[in-house]
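Enquirer: Sharing a structure here in structure tokens format.
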Ligand code: NAP
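In the working numbering, the protein residues as written are 20 to 552.
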């Protein structure tokens with residue numbers, strides 16, 4: 020790969036390393052805020068969060084489309100240390116989640132640490148003085164002992180490469196940048212994509228628009244989700260009965276783990292859940308033609324299971340048309356499909372998801388020796404437990420490679436990751452070292468173990484956004500939430516080397532541990548990944 024010249028150099032930053040931040044966090048979504056809370060609680064005072072958007076929230080700031088909500092119940096889709104009893108419904112709408120995150124940030128004094136409107140373009144590790152230098156688009160520069168990348172997997176919108184896309188004469192936008200000023204009422208709207216976002220907003224806009232054309236490339240498996248407001252009596256019970264909400268959180272945790280079991284074991288548990296999904300879908304699909312065309316032709320759980328009791332009925336409305344013919348081009352008047360039909364549209368909503376495999380794109384990250392992360396990840400992203408990458412000292416990724424969940428709550432994973440990163444930085448401090456770097460052989464072995472754990476699971480049985488072009492699954496964790504907890508609960512310092520202020524290996528008051536024995540590295544822990552014990 021062509022070596023680009025770095026725009027960051029030590030000399031550009033005013034102050035010396037004593038003035039550096041303890042940690043610089045990129046992204047003020049759930050991950051970035053969790054990281055700042057965790058670090059501050061444990062004595063890392065100098066923390067700064069840089070956020071590109073004008074507000075905190077990450078995905079819950081950007082995704083404000085009609086009907087936007089989480090399909091993971093809020094008692095699980097919330098921090099363990101900031102539980103609430105006043106959720107208005109099982110799965111909270113976007114605004115409620117955004118308000119919750121803001122409230123938690125305020126309660127923990129995090130808001131003043133966030134610089135909004137600051138887009139990070141480059142992060143570069145400086146071997147000479149063991150620190151990260153971070154450059155923002157507006158020219159600001161920051162020095163930090165540690166870098167926490169909390170930009171998430173679902174961040175950069177993906178647009179399909181359809182010829183003529185720029186020639187469309189009407190209005191268009193991506194579902195994650197909803198144009199609330201555009202009146203949908205009385206318009207002909209085309210929606211491209213039928214993933215988790217589309218199934219939430221299609222039922223909302225269908226009654227409003229004159230005509231809705233939904234372009235589906237692949238059908239989905241559905242499970243019910245009504246998500247009505249809690250009745251007053253139920254809310255009162257949750258607020259007043261001690262332990263009720265905790266019990267529900269535990270219950271949801273186990274339910275989420277059972278979804279993972281269905282995906283891990285497609286021939287057994289997966290069959291049972293698939294049959295439940297099929298029965299539900301049949302009950303919703305009276306229109307035989309629609310039923311035939313939405314029916315998925317792949318194993319239950321391979322793609323994301325969608326939770327909606329309103330999407331399939333919406334497809335059967337008289338003003339809604341489901342098109343399963345491939346789109347061949349965009350014309351000024353609408354979308355042309357393979358059968359030669361032009362579907363006219365005043366507005367196109369691209370519900371075509373995110374560039375999940377690109378992770379931190381377009382941010383440029385260079386590690387020790389000027390190595391580009393892009394280069395290291397040329398064949399697909401990988402990181403030890405999704406968090407650390409060899410040669411990128413004291414860099415911690417949140418919601419990194421292979422830590423997405425198909426069944427559980429990403430908040431659970433983020434909490435483990437932030438505690439793990441904090442333990443790493445505590446070890447650095449305790450040893451009087453300057454930085455921590457995961458051993459190459461440890462990362463390689465854990466990556467092999469992660470990839471091997473996908474064998475026989477539903478995830479391997481179709482194409483999805485969990486995989487890169489070569490077919491490698493780079494997004495998802497192959498196991499259960501409890502296994503991720505077990506793996507990340509306590510950092511194994513022998514898996515790392517500690518660097519001195521001069522970048523040399525092996526400094527620090529306590530000697531570096533020797534590398535864990537091969538058997539341990541190769542993944543023979545107490546409970547093997549992928550086992551159901
Ligand atoms: P997505 O799941 O990636 O769905 C994108 C859709 O666009 C798919 O239906 C895809 O079809 C379709 N598509 C892509 N290119 C196309 C083309 N050229 N022609 C026709 N269709 C095309 O994206 P998303 O719905 O925005 O959701 C992304 C992720 O965000 C979800 O999987 C989920 O993790 C998260 N999310 C979560 C919630 C929640 O409630 N927790 C809500 C919304 C989103 P194929 O299936 O054929 O690829």
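Beta carbons: idealized from backbone N, C-alpha and C, even for Gly.
As the structure is a computational prediction, the values presented were derived from the model and not from experiment.
Per DSSP, what kind of secondary structure is residue 414 in: helix, strand or coil?
Expert: DSSP places residue 414 in strand when its eight states are reduced to three.
Enquirer: Quick one: Cα of residue 168 to Cα of residue 548, how far?
Expert: Roughly 25 Å separates the two Cα atoms.
Enquirer: Measure from the alpha carbon of residue 50 to the alpha carbon of each residue in 251, 123, 235, 329, then state which is nearest.
Expert: Out of 251, 123, 235, 329, 123 has the C-alpha closest to the C-alpha of residue 50.
Enquirer: In the DSSP assignment, find the unbroken alpha helix (DSSP H) run with residue 222 in it and report its ends.
Expert: Where residue 222 is concerned, the enclosing alpha helix (DSSP H) stretches over 217-224.
Enquirer: Should the region 339-348 be called in touch with the region 138-153, which here means at least 3 C-beta pairs below 8 Å?
Expert: No, the region 339-348 is not in contact with the region 138-153.
Enquirer: Identify the residues that DSSP records as bridge partners of residue 192: which are they?
Expert: DSSP lists 368 as partners of residue 192.
Enquirer: Need the endpoints of the beta strand (DSSP E) that residue 134 sits in, please.
Expert: Taken as a continuous stretch (DSSP letters only), the beta strand (DSSP E) holding residue 134 covers 133-135.
Enquirer: Quick check on the burial criterion: 16 or more other C-beta atoms within 10 angstroms. Buried or exposed for residue 408?
Expert: Buried, because 16 or more other Cβ atoms sit within 10 Å of the Cβ of residue 408.
Enquirer: Does the distance from the CB of residue 137 to the CB of residue 58 come in under 9 Å?
Expert: No, Cβ-Cβ distance for residue 137 and residue 58 is not below 9 Å.
Enquirer: Could you check how far apart the C-beta atoms of residue 218 and residue 231 are, in whole angstroms? I think they sit under 8 Å.
Expert: Contact doesn't hold; Cβ gap of about 13 Å is too wide.
Enquirer: Run the CB neighbour count on residue 260, radius 10 Å, all protein chains shown included, and call it buried at 16 or more, exposed below.
Expert: It is exposed - the Cβ of residue 260 has fewer than 16 other Cβ atoms within 10 Å.
Enquirer: Starting from the Cα of residue 502, find the closest Cα among 480, 344, 280 and give me that residue.
Expert: Comparing Cα-Cα distances from residue 502 to each of 480, 344, 280, the minimum goes to 280.
Enquirer: Apart from the five residues on each side of it in sequence, which residues of its chain come closer than 6 Å, Cβ to Cβ, to residue 86?
Expert: Excluding sequence neighbours, residue 86 sits near 219, 220, 223.
Enquirer: Is residue 102 buried or exposed, if buried means 16 or more other CB atoms sit within 10 Å of its CB?
Expert: With fewer than 16 other Cβ atoms within 10 Å, it is exposed.
Enquirer: Can you have a look at residue 172 and say buried or exposed, based on whether 16 or more other CB atoms are within 10 angstroms of its CB?
Expert: Buried.
Enquirer: Looking at the secondary structure, which residues open and close the alpha helix (DSSP H) in which residue 362 lies?
Expert: No alpha helix (DSSP H) contains residue 362, which is instead part of the beta strand (DSSP E) from 361-363.
Enquirer: May I ask you to check if the CB of residue 346 is nearer than 8 Å to at least one heavy atom of ligand 3?
Expert: The model on display carries ligand 1 but not ligand 3.
Enquirer: Whole angstroms is fine: what's the gap from residue 131's alpha carbon to residue 182's?
Expert: The straight-line gap from Cα to Cα measures roughly 46 Å.
Enquirer: Counting pairs of Cβ atoms below 8 Å between the region 402-419 and the region 457-467, do you hit three or more?
Expert: Segments in contact, yes.
Enquirer: What is the rounded straight-line gap between the Cα of residue 411 and the Cα of residue 456?
Expert: If you take the alpha carbons of residue 411 and residue 456, they lie about 7 Å apart.
Enquirer: Mind checking which residues open and close the beta strand (DSSP E) that includes residue 518?
Expert: Taken as a continuous stretch (DSSP letters only), the beta strand (DSSP E) holding residue 518 covers 515-518.
Enquirer: If we ignore side chains and look at the alpha-carbon of each, how far apart do residue 38 and residue 162 end up?
Expert: If you take the alpha carbons of residue 38 and residue 162, they lie about 8 Å apart.
Enquirer: Starting from residue 90, trace the alpha helix (DSSP H) in both directions and tell me its first and last residue.
Expert: Residue 90 -> no alpha helix (DSSP H), and no H or E assigned at all.
Enquirer: For ligand 1, any of its heavy atoms closer than 8 Å to the Cβ of residue 377?
Expert: No, Cβ of residue 377 sits at least 8 Å from all heavy atoms of ligand 1.
Enquirer: Using beta-carbon positions only, say whether residue 190 and residue 178 come within less than 9 Å of one another.
Expert: Cβ atoms of residue 190 and residue 178: not closer than 9 Å.
Enquirer: Measure how close the beta-carbons of residue 95 and residue 272 come, nearest whole angstrom, since I'm counting them as under 8 Å.
Expert: Indeed they touch by this definition, with Cβ atoms about 6 Å apart.
Enquirer: With a threshold of 8 Å, establish whether the CB of residue 423 neighbours any heavy atom of ligand 1.
Expert: Checking the Cβ of residue 423 against ligand 1 gives yes.
Enquirer: Evaluate contact between the region 430-448 and the region 289-308, counting only Cβ atoms and requiring at least three cross-stretch pairs below 8 Å.
Expert: No, the region 430-448 is not in contact with the region 289-308.
Enquirer: Following the continuous alpha helix (DSSP H) through residue 104, name the residue where it begins and the one where it ends.
Expert: No alpha helix (DSSP H) holds residue 104; DSSP gives it neither H nor E.
Enquirer: DSSP beta-bridge partners for residue 468?
Expert: In DSSP, residue 468 forms no bridge with anything.
Enquirer: According to DSSP, is residue 113 helix, strand or coil?
Expert: In this structure, residue 113 counts as helix in the three-state DSSP scheme.
Enquirer: Starting from the Cα of residue 258, find the closest Cα among 106, 165, 186 and give me that residue.
Expert: The shortest C-alpha separation from residue 258 is found at 106.
Enquirer: Of the choices 186, 216, 110, whose alpha-carbon is the least far from that of residue 352?
Expert: Minimum Cα distance to residue 352 is reached at 186.
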